[in-house]
Structures are given as C-alpha cells and as structure tokens.
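Asks: Right, I'll just put the structure down here and ask away after.
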Amino acid sequence: MDPTQPADRVPADRTPPDGQPPVDHPVGAEPAASGPTAPAAGEPALVAGEPTPAAGTPAPVAGEPALAAGEPAPEAAGQPSAAGPVPGDAAGGPAAAAGTGERPAPPPRVAAAATKAERSPKDMAISLLVLLIPIALLLAFYRGFLGGDQATTVDPAPAIEQARSANTFPVNEPQGLASGWRTVSARYQTVEGGANLRIGYLTPEGRGVQLLQSNVPVEQLLPAELTDQSQPQGPTELAGRTWQRYTARGNQQALVLLEPTRTVLVVGDARDNELRDLAGALR
155 MDPTQPADRV PADRTPPDGQ PPVDHPVGAE PAASGPTAPA AGEPALVAGE PTPAAGTPAP
215 VAGEPALAAG EPAPEAAGQP SAAGPVPGDA AGGPAAAAGT GERPAPPPRV AAAATKAERS
275 PKDMAISLLV LLIPIALLLA FYRGFLGGDQ ATTVDPAPAI EQARSANTFP VNEPQGLASG
335 WRTVSARYQT VEGGANLRIG YLTPEGRGVQ LLQSNVPVEQ LLPAELTDQS QPQGPTELAG
395 RTWQRYTARG NQQALVLLEP TRTVLVVGDA RDNELRDLAG ALR
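Going by our numbering, the sequence shown opens with residue 155, and the numbers climb by one from there.
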C-alpha cells in the first residue's frame, strides 16, 4: 500500500478477479465479508471445517442433515437419487458391480450327474425282480393254500327240485359220475316259449360242459344254443337212447336228445368221451 494514501481509502480499481462477474457496490458501502454467511432460519449450520457448497450444488432441504466434510454427493457414490432407485443398482447388482470393477458371482450349478443320473439296464432288471418276487409268492400262496384256481362248487338240488315242482317237462339228473366231476352252476328259469333247467359242470380234465333240459320248441332252442350254422353229424346210442351229434360254437360239440315233451342238450368244449359219460349218466 502506498504510504501516502489513507488507510481507509477504497481502491478505485473495482475489477474483479478472473472468472467472476463484476460487483457494483454503492459508494461508501463496504464489501461483504469473505467469510461464510450465516445460515437461513431453520437450516442447520455447517460443521466446522466443512467446505462451502460449490456453485450449482442444491441447498439441503429443510429437515435433512447437511453433508459432512469430505462426503461425496449421492450421485458420485453410486447411491440412488431422490428420483428413485436405478434398476440394477441393488447390492450386488450389475450396476454396483460395474462401479466397483468386480464381476458378479455366477449362480450355483447342480451337478448334472446328481440330477440326471441314468440307470443302467442291470439296475432296472434288479428293480423289476424286486417287484416280481413278492407277486409270485402271493400267487403261489393263493393257488397252493387258498385254492384260487379251483372253481366254486354248488349244490344243484334246489334248481332240480324247482324244475320238478313246475312240472313243465320230465327232469333227469346225472348219476354215477366220477369223483372228478364238479357242479359249478345250476339254475331253473322260464323263458320265451317255455322253461330251461341249466346245470354247468367241470370235467375231470378241467373242461366246461352244460346240461340243458328244456321244453322250448327245438327250432327255436337249437339256433339259440348251437348257432344257426349247427348241423347234425349222425346218431349215437347212449344208455338205450338215440342222441344226435351236432356242431356248436367254436371248438364245442353237442349231443342232442329229441323227445316229444322236452329237448336235452349236452354241449361244451370237453372231449367226446366226457360228453358221452355225462349224457349216459342221466336217469
């Protein structure tokens, strides 16, 4: 300072430093102090040693704490702004990983051998055997001890007595059959054109035979029991009676006894000698 000038004289040169707009002060007015300004009413004071916000930095909203000294702005630290979170900026997300330079860890993989293990043919065969062995044991027990293959036998006496009580035709029943013959069904019923007494047997060889006694007209009975294509194959003598041999359904054959008041049929897939045994035993 020039010693010849008074100490309280204001310099005439008011040119501001480079980069700042000129400031006009009224004549006689002192410029504002260069220190920090007092905070507005209701705003928190700056912490001691805290730098003054740079030009363009928004002032803190009332009620929010001021940034501490050296604390970066939310945008610089990668924190979400007031406008809302940015997709992918969650902890560990792609944006956060890109900011730190780290790559996200890949999702855990389940070993393919544990999820898609293929069973060998040997394992499949063992599993099948484990299932079949109990089934075989159950079948053997059912057949050997419970008689599962044996047909249920019935008493034909009630059906025979019912047919005799109806007195619609003469009724005979087999006598003297071997012990291997078993009666599996017996029924008397009225049908269109007459009545039928039907008794089912199993032969000693396990084949099925039916004994039918009926007063239904023969031209109606034979087609219904033996099919329309059945034809007589010649007569045969059994116990003093003349029977006619007929073809029947599939591999079946029949013996037919024609009488004025009734027709007797012995039909089944049994052998010819078994059919003859049943027909000759009728009394």
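Every residue, glycine too, gets a C-beta built ideally from N, C-alpha and C.
1) Assuming Asn326 contacts Leu409 under a Cβ cut-off of 8 Å, what Cβ separation, rounded to an integer in Å, is found between them?
2) With DSSP as the reference, label Ala378 as helix, strand or coil.
3) Measuring CB atoms only, is the segment 385-405 touching the segment 359-373, in the sense that at least three cross pairs come out at less than 8 Å?
4) Would you list the residues sitting across from Ala349 in a DSSP beta bridge?
5) Run through the segment 369-422 for me and flag every whole beta strand (DSSP E) of 3 or more residues, listed as ranges in chain order.
6) Can you tell me which of the three DSSP states Gln367 falls into?
7) Touch check for the segment 306-318 and the segment 279-298: three-plus C-beta pairs under 8 Å?
8) Quick check: the Cα distance between Arg297 and Thr417, rounded to an integer number of angstroms?
9) Any idea what DSSP makes of Gly362, helix, strand or coil?
10) Can you give the Cα-Cα distance for Asp423 and Ser274, rounded to whole angstroms?
11) Beta carbon of Glu379, beta carbon of Ala402: below 9 Å?
12) Express the C-alpha separation of Thr344 and Phe323 in angstroms, rounding to a whole number.
13) Hey, how far is the Cα of Thr381 from the Cα of Val421?
14) Of the residues Ser333, Leu351, Trp335, which one's Cα is nearest the Cα of Asn321?
15) Between the C-alpha atoms of Arg336 and Arg425, what's the straight-line distance to the nearest angstrom?
16) Below 8 Å on the Cβ atoms is my guess for Tyr355 versus Leu432; work out the distance and round it to an integer in Å.
17) Spatial neighbours of Gln406 within its chain, please: C-beta separation below 8 Å, excluding the five flanking residues on both sides.
Replies: So, to answer that:
1) The pair is not a contact, with the Cβ atoms about 14 Å apart (cut-off 8 Å).
2) helix
3) no
4) Thr344
5) 386-392, 395-401, 407-412, 417-422
6) strand
7) no
8) 39 Å
9) strand
10) 48 Å
11) yes
12) 12 Å
13) 12 Å
14) Leu351
15) 16 Å
16) 7 Å
17) In its chain, beyond the 5 residues on either side, Val421, Gly422, Asp423 have a beta carbon closer than 8 Å to the beta carbon of Gln406.
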